[in-house]
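See structure below.
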Amino acid sequence: MTIRHHPSDDMLQAYAAGTLDEGQRIAVATHMRTCARCSGWVSALEQVGACMLERLPPTAMSMDALDRVLGRLSALPPPPAGAIFDDVPGLPAFVRRYRFGQWTWVGPGVHLRPIELPVDSPTRVFLLKAVPGTRMLQHSHTDLELTCVLSGAFRHQGGYFGPGDFDLGDEDVEHQPLVEPGEDCICLVAMQGKLRLSGLLGRLMQPFVRL
Ligand SMILES: [Zn+2]
5 MTIRHHPSDD MLQAYAAGTL DEGQRIAVAT HMRTCARCSG WVSALEQVGA CMLERLPPTA
65 MSMDALDRVL GRLSALPPPP AGAIFDDVPG LPAFVRRYRF GQWTWVGPGV HLRPIELPVD
125 SPTRVFLLKA VPGTRMLQHS HTDLELTCVL SGAFRHQGGY FGPGDFDLGD EDVEHQPLVE
185 PGEDCICLVA MQGKLRLSGL LGRLMQPFVR L
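Just so it is clear: in the sequence shown, position 88 is 92 by my numbering, and no numbers are missing.
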């Protein structure tokens with residue numbers, strides 16, 4: 005797997021510092037499952053953080069502090085048995101532990117499957133699946149959109165994005181993704197805000213787009 009596009013250093017630092025929200029954390033962690041470069045960089049950052057923690061004077065903790073941490077770790081159920089993710093190659097095991105909604109149609113050739121987060125998050129997380137040849141409308145975003153490709157590929161003004169690649173969209177990035185020939189392109193998307201469609205056709209379509 006050749007990975008061409010990575011999260012920014014700022015985003016990896018925010019991941020290591022634990023300041024990303026749950027939805028953004030899922031998108032960055034999905035990329036790191038296939039990217040030795042970014043996972044190595046985050047491990048190094050975490051080791052630096054651990055060394056700094058060791059030098060801090062000890063602080064008294066409440067009696068139930070450990071129980072509360074362990075409770076959060078075990079809040080997610082084990083991944084369901086069976087073949088319900090057979091149509092999503094490349095979906096990491098840790099994501100399979102979340103609760104998923106049903107695939108729903110959001111536009112010609114495009115389906116969305118929501119991932120339900122156990123905590124309040126300003127970021128929505130979902131799988132987006134588009135058939136080869138799908139051309140999305142030119143758009144930007146009202147806020148941050150993080151995308152990690154699980155299978156298939158797309159291309160836009162920022163280049164070619166295949167499995168493992170990470171793409172960031174925001175209000176300054178205008179793009180029009182085109183799904184490459186071959187197989188369905190499935191991405192994990194963590195999105196704040198909504199799409200802002202461009203051009204006359206986009207503005208006409210905006211009230212009907214369910215993203
Ligand atoms: Zn990377």
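Yeah, the Cβ is synthetic: ideal placement off N, Cα and C, and Gly gets one too.
Per-residue DSSP class, three states only, for residue i
| i | result |
| --- | --- |
| Tyr19 | helix |
| Asp14 | helix |
| His115 | strand |
| Thr108 | strand |
| Arg128 | strand |
| Arg103 | strand |
9 Å Cβ cutoff met for residue i and residue j
| i | j | result |
| --- | --- | --- |
| Leu182 | Met140 | yes |
| Pro136 | Asp188 | yes |
| Val129 | Ala33 | no |
| Gly173 | Leu148 | yes |
| His143 | Glu184 | no |
| Pro118 | Gly105 | yes |
| Phe165 | Arg8 | yes |
| Leu150 | Gln28 | yes |
| Leu116 | Thr108 | yes |
| Leu24 | Leu49 | no |
Proximity to residue i [Cα-Cα], best of the options
| i | options | result |
| --- | --- | --- |
| His1 | His35, Gln51, Phe165 and Thr127 | Outside the shown range of the chain, which is 5 to 215, sits residue 1, and nothing can be said about it. |
| Leu154 | Asp176, Gly22 and Cys39 | Cys39 |
| Ala21 | Leu131, Thr6 and Trp45 | Trp45 |
| Tyr102 | Val177, Glu178, Phe89 and His9 | Phe89 |
| Val99 | Asp171, Gly197, His35 and Val110 | His35 |
| Cys42 | Cys152, Thr151, Glu58 and Pro11 | Pro11 |
| Thr6 | Gly156, His160 and Gln196 | Gly156 |
| Glu26 | Phe158, Lys198, Val114 and Pro122 | Pro122 |
| Ile190 | Gln51, Asp13, Gln196 and Lys133 | Lys133 |
| Gln219 | Asp91, Ser125, Gly186 and His160 | Given a span of 5 to 215 for the chain in the structure shown, any question on residue 219 remains unanswerable. |
| Ala37 | His160, Gly53, Gly186 and Ala97 | Reading the sequence as shown, one finds Arg at residue 37 and not Ala. That would be Ala97, whose Cα lies nearest to the Cα of Arg37. |
| Gln180 | Lys198, His160 and Gly186 | His160 |
8 Å contact criterion, which residue i and residue j should meet: CB distance rounded
| i | j | result |
| --- | --- | --- |
| Asp171 | Gly162 | 7 Å |
| Val114 | Thr138 | 6 Å |
| Ala31 | Cys152 | 5 Å |
task: Give, in chain order, every unbroken run of the alpha helix (DSSP H) that is at least 4 residues long and sits entirely within the region 139–211.
output: 203–209
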